[in-house]
Amino acid sequence: MRAIPGVPMPSGLLADHLDSHPHAWSRAELLHAWSTRRLTRAIADGAVTRLLPSVYCGSRHAADPVVRGEALNLWHPAGLVTGELALHLCARQLPAPDRAALIVPRGQHLRSPSWVRLLQVGTPRVSTSFSMVNCAVPERTLLDAWRLAAPERRASIAWEALWARACSWRQLRREVERAPRVPGRVELERMLGWFAAGATTPLEVRARYETFADQRFREFEWQVPLALRSRRATVDMLHRRAAVVVELDGDRYHSTRQARDADRERQTDLVAAGFAVLRFGWRDVVDRPAWCRDRVLTTVSARLAGPASARRDA
């Protein structure tokens, strides 16, 4: 039986051992420690689940993403987990999918359960591992997730993965350039082109080209350097006449205490210089764009309607 860090060698009842340890096990491993009769009985009792041919786990762990990834590796050692499951293993804040995708060599004749999609495209020369699961590299897993997703889900998958820093937009662009066929290539290349044009984060791209893209925001400038009394600061959005600044941030890019303290000091300096400052995070821009638009337009209108002395000459 293979050695798994933190998991003792098997002892006691088979069902208890598998229930206590969220891992996948090959039939050969289990029969090394227990009899065929005990395995059959544990399956019949519902304590053990057959995930794949000759691959098992404790039933309460059958939906665990790591267990499923291990099961795929045991079932096909030459295969690499890819798509949304691999993205989740790479960046746990991304959702775990119901189905998995596995890259296998061409010409393999395998029967897989409904939760597994086989990609017979040849095994990539470069791979990695997450949680001891052998996977394609993140940029390849993201491109495969894009390929396999329904068209209406593709952009969301790409944005979320880039925001989670599963890979960089440059890595994804290189992967796209190497790929001979990509469904929805025009849309994906347009998204990547926004980064190439100077956008600094996925949040800025979504804000600029989706949330604040219509004519009501045409007076806003993007990535504007400002000379404040105590510092120079580059703000994400600036309405110069109203002296309104919009800052786009979130925990993934401002996650340390030091970074958050610096953000607060920067905002204080902007307010002291006469700017009204609005801050939006990823979930604001993605989940409630109409609210973001309303807050910005309301603030700009109020500033323009107020006395000139309330505004800074930006």
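Position in the sequence shown (first residue = 1) + 7 = our numbering.
For every residue, glycine included, the Cβ atom is placed at its ideal position computed from N, Cα and C.
Computed from a predicted structure; not experimentally measured.
- Residues Val14 of the same chain have their beta carbon placed closer than 6 Å to that of His28, with the five preceding and five following residues left out of the count.
- In the structure shown, Met139 falls within a coil segment according to DSSP collapsed to helix, strand and coil.
- If you draw a straight line from the Cα of Ala78 to the Cα of Asp301, it is about 48 Å long.
- In this structure the stretch 84–93 touches the stretch 151–165; the number of beta carbon pairs closer than 8 Å is three or more.
- Non-local beta-carbon contacts of Ala206 in its own chain, meaning distances under 8 Å to residues more than five positions away in sequence, involve Val212, Arg215 in chain order.
- Judged by beta-carbon spacing, Val62 lies within the 7 Å limit of Ser33, meaning their Cβ atoms are closer than that value.
- By the Cβ rule, the stretch 187–198 does not count as touching the stretch 124–133, because fewer than three pairs are nearer than 8 Å.
- Gln230 sits away from Thr218, with the two beta carbons spaced by 7 Å or more.
- In the three-state DSSP reduction, Gly288 falls in the coil class, being neither helix nor strand.
- Taking a contact to require three or more Cβ pairs closer than 8 Å, the stretch 167–187 and the stretch 105–113 do not qualify as touching.
- Counting of Cβ neighbours within 10 angstroms places Trp82 among the buried residues, the total reaching 16 or more.
- Note: Gln127 is bridge-paired with Val111 in the DSSP secondary-structure output.
- Between the alpha carbons of Arg225 and Arg57 lies a distance of about 58 Å.
- The beta carbon of Val144 sits closer than 7 Å to those of Val133, Ser134, Thr135, all from its chain and outside the five residues before and after it, given in chain order.
- By DSSP's assignment, Glu77 forms no beta bridge with any residue.
- Uninterrupted alpha helix (DSSP H) stretches at least 4 residues long and entirely within the stretch 189–258 occur at 192–203, 209–213, given in chain order.
- In this model, Trp41 and Thr130 are separated by some 34 Å (Cα to Cα).
- An exposed status is given to Val278, since fewer than 16 other beta-carbon atoms sit within 10 Å of its beta-carbon.
- For Asp26 against Ala70, the beta-carbon gap comes to about 14 Å, at or over 8 Å, which does not count as contact.
- Considering only Gln274, Pro209, Ile164, Thr208, the residue with the shortest C-alpha distance to Leu233 is Gln274.
- Under DSSP, Cys97 forms no beta bridge with any residue.
- Check the Cα spacing between Ser119 and each of Ala35, Asp221, Leu59: the tightest is with Leu59.
- Taking the CA atoms as reference points, Ala269 sits about 55 Å from Gly19.
- Nearest to Cys299 by C-alpha distance, out of Arg286, Ala309, Ser308, Leu311, is Arg286.
- Between the beta-carbon of Arg247 and that of Glu228 there is about 7 Å, and that keeps the pair under the 8 Å contact cut.
- Straight-line measurement puts the Cα of Trp201 at about 16 Å from the Cα of Met244.
- Relative to Pro12, the option among Ser138, Ser121, Trp170, Asp256 whose CA is nearest is Ser138.
- Between Leu210 and Leu255, the beta carbon gap of about 5 Å places them in contact (Cβ cut-off 8 Å).
- According to DSSP, Gly19 shares a beta bridge with no other residue.
- One thing to note: Val251 has its Cβ no nearer than 7 Å to the Cβ of Thr305.
- The three-state reading of DSSP puts Cys64 in strand, counting E and B together.
- Under the three-state reduction of DSSP, Trp41 is assigned to coil, being neither helix nor strand.
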